[in-house]
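Residue numbers (this note's numbering): 519 to 853. Backbone N, C-alpha and C define an ideal beta-carbon position, used for all residues, glycine too.
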């Protein structure tokens, strides 16, 4: 009698919730084709900076391939802080090079559940970070909605909502944001929400173009009427070195994709004005400014967020005299 083969023993699958940072070099093939030795020297110097900052922010590099770096962080805040510092440090180095010889990294960051295999991380949590990195501009940073939700009131950053993006081999659309500015690094390159749509126009058939020219659209240009109405809730300012965090209640009216509001500021005679847009996909861009009793501008606020199921949320920064001074978040419900 032949013995049956013994069942294979497998170790329990380890899973982990982590923040994954994915980075690689934009136009690396062109740079290498033009000057291999110089590109490699610059890349190695840049990688030394990247590796040191990842370690400084308690991250761990778990995979590298060619010009790509994958790192994990226990904290979304530390991952994003690390990314902004990387871009700031590399910008300083790149400024010493000719524009066509600059080695610029794209960075994508995602918070997700991953599988662990011999120190490597696998799964959609990693794949999404890589797709976000590919969506970022050279020298820029894109983050997922899961990361945005964790950091929006903890760091002095400005964001642009790119809406829900569909990425290759990712089953569900991903809420995507780009970081447009930070207190430490200043402005960062950022894609516009319409950029993907412009690329898609290249693939429209001639009949579709004729239909557009005739005034027909494939989706509504105006948000559903059910979104219109009064939205109200807290606006919260983050802490500064001399002032604690504070919140107050405010409201605005959404009508046909336009959000407006006005209310009295904290200081006597001050007025806060709100103006914003909510796209068909739910992405929200909101601008606020505070004027004193004489109409002089006291502060500007730029926020990015989304409207989902009657819940409007956004975050950004307060700027005074061209300096980012603190974070601001808005969390409103339809009344």
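Using the rule of at least 16 other Cβ atoms within 10 Å of the residue's Cβ for burial, across every protein chain shown, is residue i buried or exposed?
| i | result |
| --- | --- |
| residue 811 | exposed |
| residue 848 | buried |
| residue 590 | buried |
| residue 749 | buried |
| residue 643 | buried |
| residue 604 | buried |
| residue 693 | buried |
| residue 732 | Unreliable placement is indicated for residue 732, whose pLDDT of 43 sits below 50; the coordinate value is still reported in the next sentence. The residue is exposed, with fewer than 16 neighbouring Cβ atoms inside 10 Å. |
| residue 563 | exposed |
| residue 699 | buried |
| residue 760 | exposed |
| residue 551 | exposed |
| residue 766 | exposed |
| residue 464 | Within the shown structure, residues of the chain are numbered from 519 to 853, placing residue 464 beyond reach of any answer. |
| residue 549 | buried |
| residue 639 | buried |
Just reading off the beta strand (DSSP E) that residue i is part of, what are its end residues?
| i | result |
| --- | --- |
| residue 782 | 776-782 |
| residue 665 | Unbroken run through residue 665 is the alpha helix (DSSP H), 663-669; no beta strand (DSSP E). |
| residue 621 | Per DSSP, residue 621 belongs to no beta strand (DSSP E) and is neither H nor E. |
| residue 809 | 801-809 |
| residue 771 | 764-773 |
| residue 853 | Premise fails: residue 853 is in no beta strand (DSSP E) and is neither H nor E. |
| residue 751 | 747-755 |
| residue 789 | 789-796 |
| residue 537 | 532-543 |
| residue 827 | Here residue 827 belongs to no beta strand (DSSP E), and DSSP marks it neither H nor E. |
| residue 688 | Looking at the DSSP string, residue 688 is not in any beta strand (DSSP E), and its letter there is neither H nor E. |
Since I believe residue j is in contact with residue i (beta carbons under 8 Å), could you give me their beta-carbon distance rounded to a whole number of angstroms?
| i | j | result |
| --- | --- | --- |
| residue 794 | residue 777 | 4 Å |
| residue 662 | residue 801 | With 8 Å as the limit, residue 662 and residue 801 do not qualify as a contact, their Cβ atoms being about 14 Å apart. |
| residue 833 | residue 670 | 4 Å |
| residue 651 | residue 540 | 4 Å |
| residue 538 | residue 588 | 7 Å |
| residue 807 | residue 819 | 7 Å |
Does the separation of the CB atoms of residue i and residue j fall below 8 Å?
| i | j | result |
| --- | --- | --- |
| residue 576 | residue 592 | yes |
| residue 822 | residue 623 | no |
| residue 774 | residue 853 | no |
| residue 825 | residue 846 | no |
| residue 709 | residue 656 | no |
| residue 569 | residue 542 | no |
| residue 814 | residue 836 | no |
| residue 532 | residue 634 | yes |
On the DSSP letters alone, give me the boundaries of the alpha helix (DSSP H) that residue i sits inside.
| i | result |
| --- | --- |
| residue 655 | No alpha helix (DSSP H) contains residue 655, which DSSP labels as neither H nor E. |
| residue 569 | 554-574 |
| residue 609 | 594-612 |
Check the Cβ-Cβ distances between residue i and every residue of chain C, and say whether any is below 8 Å.
| i | result |
| --- | --- |
| residue 633 | No chain C is part of this structure, which consists of one protein chain only. |
Pair every Cβ in the stretch 621-630 with every Cβ in the stretch 647-657, then say whether three or more of these pairs are closer than 8 Å. yes
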